[in-house]
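Sequential numbering of the sequence shown, starting at 1, is according to my numbering. Down below is the structure, laid out as structure tokens.
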Amino acid sequence: MIRITLPDGSLREYDQPLSVHEVAASIGAELASAAVAGRVDGVLVDCEHLIDADARVSIVTPREPDGLEILRRSCALMLAMAVKQLHPHAQLREGSELGDGFFYEFTSERPLSPTDLPGIEARMQALAATNHSIRRQPLPSLEKGLSLYRLGDTEYQSRGPHVPATKVLQAFALDHISGTLQQRIYGTCWSSHQELQYWQIPPKVVVVSMDDRQTAYAQAVTETLRQNGVRARADLRNEKVRYKIRQHSQSVPYLVVIGEKEQTGGFVSVRSRTGEDFGRMGVEAACQWLSQPEDGE
1 MIRITLPDGS LREYDQPLSV HEVAASIGAE LASAAVAGRV DGVLVDCEHL IDADARVSIV
61 TPREPDGLEI LRRSCALMLA MAVKQLHPHA QLREGSELGD GFFYEFTSER PLSPTDLPGI
121 EARMQALAAT NHSIRRQPLP SLEKGLSLYR LGDTEYQSRG PHVPATKVLQ AFALDHISGT
181 LQQRIYGTCW SSHQELQYWQ IPPKVVVVSM DDRQTAYAQA VTETLRQNGV RARADLRNEK
241 VRYKIRQHSQ SVPYLVVIGE KEQTGGFVSV RSRTGEDFGR MGVEAACQWL SQPEDGE
């Protein structure tokens, strides 16, 4: 007898080992349909993970941060599949979730351009509709905590968990491609089209990171701004900071710039789209200042 303790403290007993998805299905069809992963004794696992001993289990859906992160990570795999189908010459490198979205990096003899993105996005939408399964292969974990996942007829090295099938990947969009020989395609992914449309509304503030070392801090600052009612977005792309500032200065009222000094000191640097420098502020002070309504708001 296997005893499963659910988040509300209730106890369920099963006669034989069962998967996370089967636990979700025993609770309700709606929960099973929404499940993207499970948490077994505090550890995130794929839906197909087999539970063969007493455990505390919760079902992860896209409505929580971990679930949304899993959606974005799986979207990166679907992006890789779409690129490879449309451009067989491309050599896939790596991809992952990143901030509000995801990216995949590849090399190509013929560099892709922004005009290629609509076709790649359309192929991703077709792959989602076809509902391909994503399965972790029964092999030892690879280096850096990576596992081997199979999507379609290709295996990818990736950190898990991943969604069980592509049908849950519906609200996504590609928005940028960088590089020449070694390129990255970036996109965003959300749990619903309504959330995606809200994200696409021009923000009041863009948080710009200097390089990859500030990614986590920049995203944390962005989330804090949002919690304080500021429409904010983070630009975590591996582009030069001057390029990112110049691009956003055309349309965004305020920029929050984060480099090594800002991260170490726990503050941010704020400037306007016109180049006016408001200096360094603590995160909470910046939230309070930026949440003030502008003229016309």
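We put the beta carbon where it would ideally sit given N, CA and C, even for glycine. Since the model is a prediction, treat every value here as computed from it, not as a measurement.
Quick test of the definition: if touching needs 3 or more C-beta pairs under 8 Å, does the segment 2 to 16 touch the segment 51 to 58?
Yes: the two stretches touch, three or more of their Cβ pairs being nearer than 8 Å.
Close beta carbons around L142, own chain, < 8 Å, minus the five adjacent residues each side
Result list for L142: L148, Q157, in chain order.
Buried or exposed (CB count within 10 angstroms, at least 16 for buried), E69
Residue environment for E69: buried (at least 16 other C-beta atoms within 10 angstroms of its C-beta).
Taking all protein chains shown into account, decide if M124 is buried (16 or more other Cβ within 10 angstroms of its Cβ) or exposed.
M124 comes out buried.
Under three-state DSSP, which class holds G296?
In this prediction, G296 scores a pLDDT of 48, lower than 50, which makes its location untrustworthy; the coordinate-derived value is nonetheless stated afterwards. In the three-state reduction of the DSSP assignment, G296 falls in the coil class, being assigned neither a helical nor a strand state.
From L225 to V205, what distance separates their C-alpha atoms?
Straight-line Cα distance between these residues: approximately 9 Å.
Check whether the segment 35 to 54 touches the segment 75 to 92, counting contact only when three or more Cβ pairs, one atom from each stretch, lie closer than 8 Å.
The answer is no - the segment 75 to 92 does not touch the segment 35 to 54, with fewer than three Cβ pairs under 8 Å.
Local conformation of A165 per DSSP, three classes:
Three-state result, A165: strand.
Do the CB positions of G179 and F102 come within less than 7 Å of each other?
In this structure, F102 does not lie closer than 7 Å to G179 by Cβ.
Specify, as a first and last residue, the run of the alpha helix (DSSP H) that V252 falls within.
Unbroken run through V252: none, as it is neither H nor E.
Compute the Euclidean distance between the alpha carbons of G296 and E155, then round it to the nearest angstrom.
Caution applies to G296, whose pLDDT of 48 falls short of 50 and renders its modelled position unreliable; the value that the coordinates give is listed next. C-alpha of G296 to C-alpha of E155: approximately 52 Å in a straight line.
Check the DSSP bridge columns for G95 and list the partner residues they point to.
The partner list for G95 (beta bridge, DSSP) reads Y104.
Any chance the segment 195 to 205 sits against the segment 252 to 270, with 3 or more Cβ pairs inside 8 Å?
Cβ pair count under 8 Å is three or more, so yes.
Rounded distance between the beta-carbons of R184 and N238, thought under 8 Å
The C-beta distance from N238 to R184 rounds to 7 Å, short enough to fall under 8 Å.
Should S209 go down as buried or exposed, given a rule of 16 or more other Cβ atoms within 10 Å for buried?
Counting Cβ neighbours within 10 Å, S209 comes out buried, since at least 16 surround it.
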